[in-house]
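Down below is the structure, laid out as structure tokens.
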Amino acid sequence: MTQPRRPERILFIGQVHACASPLLLRTLLGSCVAVCLFDPVARVGGMNHFALPNGPDRRTHTDRARFGLPAMIELLGALMAAGAVRHRLLATIIGGGHLLSTPDFANDLPRRNIDFARRFLARERIAIVAEDVGGHYPRQVRFHTDTGVVVVTRGRTSAGSRGGLRRVLVAALAAPDTAGDRH
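In the working numbering, the protein residues as written are 640 to 822.
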């Protein structure tokens with residue numbers, strides 16, 4: 640007997656999603672960063688996908704989550720609305736690959752995206768339990784919202800390495816038994 644297929648949702652740049660039901664969130668990353676947050680007691684998870692650490696351009700409001708700060712604030716709000724408790728959140732940071740071989744602003748962007756995510760989470764006192772960041776390859780991310788499992792598939796390097804795809808299990812964001820911490 641096979642299990643029913645888990646519903647999936649693909650996140651594009653500037654999108655955020657959180658829920659308390661079993662869902663597979665997927666995204667593709669280059670220099671962008673995705674942050675997965677999970678409350679292991681409430682079993683609520685969510686993910687964002689942002690392209691730039693700073694912003695947004697005040698002339699547009701439709702793509703605010705393309706920028707780090709609005710993407711993180713929106714993700715936290717969605718998680719709380721779905722039943723997560725802030726002090727229990729655990730984080731995984733993925734992405735920030737250096738896919739361009741130019742020594743300019745764009746080449747520094749991946750590092751700035753990673754640094755922003757780390758600083759934001761530290762300031763909010765959210766534990767980072769795993770990272771798969773940097774390097775010179777794109778990544779496909781699969782995040783299971785009800786278990787906190789994050790699976791990353793690394794693509795070929797920008798130098799054209801024929802290594803193909805390599806699977807990396809980033810983290811199962813499970814905490815020790817916290818049955819008494821249900822408030």
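From the three backbone atoms N, C-alpha and C, an ideal C-beta is built for every residue, glycine too.
Query	Result
Check whether residue 768 and residue 731 have beta carbons under 8 Å apart	yes
Per DSSP, the bridge partner or partners of residue 647	663
Beta-carbon gap between residue 655 and residue 714 smaller than 8 Å	yes
Environment of residue 752 [buried if 16+ CB atoms lie within 10 Å]	buried
Own chain, CB closer than 8 Å to residue 724, minus 5 neighbours either side, in chain order	678, 680, 681 and 822
Candidates 667, 750 and 689: closest to residue 794 by CA position	667
Spatially closest choice to residue 739 from 663, 686, 775 and 660, by CA coordinates	775
Buried or exposed by the 16-neighbour rule on C-beta atoms within 10 Å, applied to residue 820	Low local confidence applies: a pLDDT of 46 at residue 820 is under 50, so the model's placement there is unreliable, with the coordinate-based value given in what follows. Looking at its Cβ environment, which holds fewer than 16 other Cβ atoms inside 10 Å, residue 820 is exposed.
Nearest-angstrom Cβ-Cβ length linking residue 784 and residue 664, presumed shorter than 8 Å	6 Å
Sheet register partners of residue 778 (DSSP bridge)	668 and 793
Distance between beta carbons of residue 782 and residue 789, contact taken as under 8 Å	5 Å
Residue 673 versus residue 749 - alpha carbon distance	12 Å
Environment of residue 716 [buried if 16+ CB atoms lie within 10 Å]	exposed
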